[in-house]
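Visitor: Here our numbering runs 643 ahead of the position in the sequence shown, where the first position is 1. Shown below is the structure under consideration.
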Amino acid sequence: MNVQTLRLEGELTIYTAQEVRQRFQQALAADALPVPLCVDLSGVTELDTSGVQLLLAARALAQTRQREMRLGGLAAPLCEVITLLGLESALMEAAPAGNNETADLAADVAAAVVA
Numbered sequence: 644m645n646v647q648t649l650r651l652e653g654e655l656t657i658y659t660a661q662e663v664r665q666r667f668q669q670a671l672a673a674d675a676l677p678v679p680l681c682v683d684l685s686g687v688t689e690l691d692t693s694g695v696q697l698l699l700a701a702r703a704l705a706q707t708r709q710r711e712m713r714l715g716g717l718a719a720p721l722c723e724v725i726t727l728l729g730l731e732s733a734l735m736e737a738a739p740a741g742n743n744e745t746a747d748l749a750a751d752v753a754a755a756v757v758a
C-alpha cells in the first residue's frame, strides 16, 4: 500500500500555523493521490492549542476528501498535550476516512480556528 508522508519539524504553534496549514492543504489537495497520509511529528519540538486545532482541522479535511490520516512519531510531551485536552481518540487513533464522530469533532474545532 502506498502512503504519503508529511514530515513536520520545529514548533507547531500559533507562530507556524499558517505555514503548516498550507502544507496540509497541499498534501490533502483534491487532486492528490487517494492514499493514507502519515504525519510524522518526530521533529516537532513544541505543540500549543493552535497546533492541536490545526491537526484536528487537517483530520477533518482528510475525512472530507475520503483520506485516512495517521499521526506518527509523537513524543511524550506532545502526547501529554493531546491527553490534557482530552483529544486522544480524535488525534492519536487512526481514523479511517468517513468516521463521522471524529469528523464532527474535528469540524467543530476547525470552525473555531477559522473564526
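Here a beta-carbon is modelled for each residue, glycine too, at the ideal position from N, C-alpha and C.
Which stretch, first to last residue, makes up the beta strand (DSSP E) that contains Thr688?
Guide: Residues Leu680 to Leu690.
Visitor: In the structure shown, what three-state DSSP assignment does Arg708 receive?
Guide: Reduced to three states, the DSSP call for Arg708 is coil.
Visitor: Looking at Val646 and Val678, is the spacing between their C-beta atoms short of 8 Å?
Guide: Yes, these two residues count as a Cβ contact at 8 Å.
Visitor: For a quick check, are the C-beta atoms of Arg650 and Leu680 less than 8 Å apart?
Guide: Not in contact: Arg650 and Leu680 (Cβ atoms no closer than 8 Å).
Visitor: Does the beta-carbon of Thr659 have 16 or more other beta-carbons within 10 angstroms, so that it is buried, or is it exposed?
Guide: It is buried - the Cβ of Thr659 has at least 16 other Cβ atoms within 10 Å.
Visitor: Ignore the nearest five residues each way along the sequence and tell me which others in Asp674's own chain have a CB closer than 7 Å to its CB.
Guide: So the list is empty, once near-sequence residues are dropped.
Visitor: Where does Ile725 land, buried or exposed, given buried means 16+ other C-beta within 10 angstroms?
Guide: So Ile725 ends up on the buried side.
Visitor: Could you give the residue range of the beta strand (DSSP E) that holds Gln649?
Guide: In the sequence under discussion, the amino acid at residue 649 is Leu, which differs from the Gln named in the question. That run of the beta strand (DSSP E) goes Gln647 to Leu655.
Visitor: So, is Val696 buried or exposed, given that buried needs 16 or more other C-beta atoms within 10 angstroms?
Guide: Correcting the residue type first, residue 696 is Gln in the shown sequence and not Val. The residue is buried, with at least 16 neighbouring Cβ atoms inside 10 Å.
Visitor: What first and last residue would you give for the alpha helix (DSSP H) that runs through Ala619?
Guide: The first residue shown for the chain is 644 and the last is 758, placing residue 619 beyond what the model contains.
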